[in-house]
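Position in the sequence shown (first residue = 1) + 2 = full-length UniProt numbering.
Note that CB positions come from ideal geometry on N, CA and C, so glycine has one too.
Notes to accompany the following structure.
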Amino acid sequence: AQPVILVDTRSGVRTLTLNRPDKLNAANNDLILTLTRELQAADADDSVRVIVVTAAGRGFCAGQDLGDVSGDHVDFTHHLNTTYNPLIRALRNTGKPVITAVNGIAAGAGASLGLAGDIRLWAQSAAMTQVFSNIALIPDSGSTWFLPRLVGYHRAFELMAFAQKVTADDALKLGLCEHVFPDETFHADVQAYAERLAARPANALKLTKQALQASMTGTLDDALDQESVLQQKAGDSWEHKEGLSAFAEKRPANFVK
Ligand code: T3D
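Next comes the structure, spelled out in structure tokens:
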């Protein structure tokens, strides 16, 4: 059988590719648990500086594989707590930058996955739909947290209530993605972007993620305190010394050892 997640590492960039293209990469338990393990493995691997999550074929991820869901009672709480929630936590908790490279339709939990990256890059033909309400479920896998922070409560509610499809151009305007690349060159453009990110100071970015994520739920006072602690860690690093030397010597800094 084909692996459900393809793993490739080039120039410090670990690319994890969802690989059930015939089903628009709908998420069965195997795909969710394997992706979670691969994110944890990438986090632990010193040779990895940036993680890309993308997908094979014309879709990004159509959400829960509905072929796996029967009409009988399903223990949703248990399912979420043992599959999607650990996945989203693994993605958010790594200190390495995660790029979600949304190559096509991102629906349901697939939309949540697409929103969860630190950087979101979309192909021109990609789209997102909070499709859950079409099957009378609520948005999960973090969408109720991500989306209102991006577009506000009211827009989030409307997108969720009608399962509206957001195109790449609208996603850019709404702040659901940072860049839109042409379909034809999408994966090459993502790799080039990821390599530029991999050349940035890894320790400083890890601390930046920590500060930003804490700020999402804290006060200004909390953020100022946190910055003073984390800045010490950044300032003590070899990266900082290299940055200062490079500035003084009028050369580009080399943050990759
Ligand atoms: O704990 C829990 O389980 C709760 C967790 C819930 C998390 C969720 O994600 S709930 C939401 C589940 N997802 C959906 O409801 C999406 C269902 N799919 C669609 O609405 C549409 O397929 C799309 C909008 C995503 C794409 O539409 P389109 O027209 O581009 O493609 P299509 O023709 O509908 O689909 C192509 C194939 O993929 C098709 O198979 P076929 O007919 O060619 O053999 C279709 O059945 C299959 N497919 C698409 N989505 C799923 C799927 N197969 C299984 N599960 C899917 N989610």
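The alpha helix (DSSP H) enclosing residue i, as first and last residue numbers
i           : result
residue 91  : 86-95
residue 151 : 145-153
residue 188 : 188-200
residue 249 : 240-250
residue 49  : That residue, residue 49, is in no alpha helix (DSSP H); it is neither H nor E in DSSP.
residue 228 : 222-237
Three-state class that DSSP yields for residue i in the structure shown
i           : result
residue 140 : coil
residue 9   : strand
residue 166 : coil
residue 62  : strand
residue 19  : strand
residue 258 : coil
residue 108 : strand
residue 213 : helix
residue 71  : coil
residue 113 : helix
residue 38  : helix
residue 29  : strand
residue 206 : helix
residue 76  : coil
residue 3   : coil
residue 44  : helix
residue 118 : coil
Where residue i falls, given that 16 or more other Cβ within 10 Å makes a residue buried
i           : result
residue 253 : exposed
residue 5   : exposed
residue 231 : exposed
residue 222 : exposed
residue 124 : buried
residue 7   : buried
residue 134 : buried
residue 243 : exposed
residue 190 : exposed
residue 78  : exposed
residue 67  : buried
residue 141 : buried
residue 120 : buried
residue 86  : buried
residue 128 : buried
Residue-chain proximity (residue i, chain D), Cβ-Cβ < 8 Å
i           : result
residue 136 : Of the protein chains in this structure there is only one, and it is not chain D.
Endpoints, beta strand (DSSP E) assigned at residue i
i           : result
residue 122 : 121-125
residue 129 : 129-131
residue 55  : 52-57
residue 182 : 181-183
Any 3 or more C-beta pairs closer than 8 Å across the stretch 49-69 and the stretch 157-177: no
At least three beta-carbon pairs within less than 8 Å, the stretch 20-30 to the stretch 106-114: yes
Stretch-stretch touch, CB-based, cutoff 8 Å, three pairs: the stretch 167-176 with the stretch 198-206: no
Three-pair Cβ contact test at 8 Å for the stretch 36-46 versus the stretch 84-99: yes
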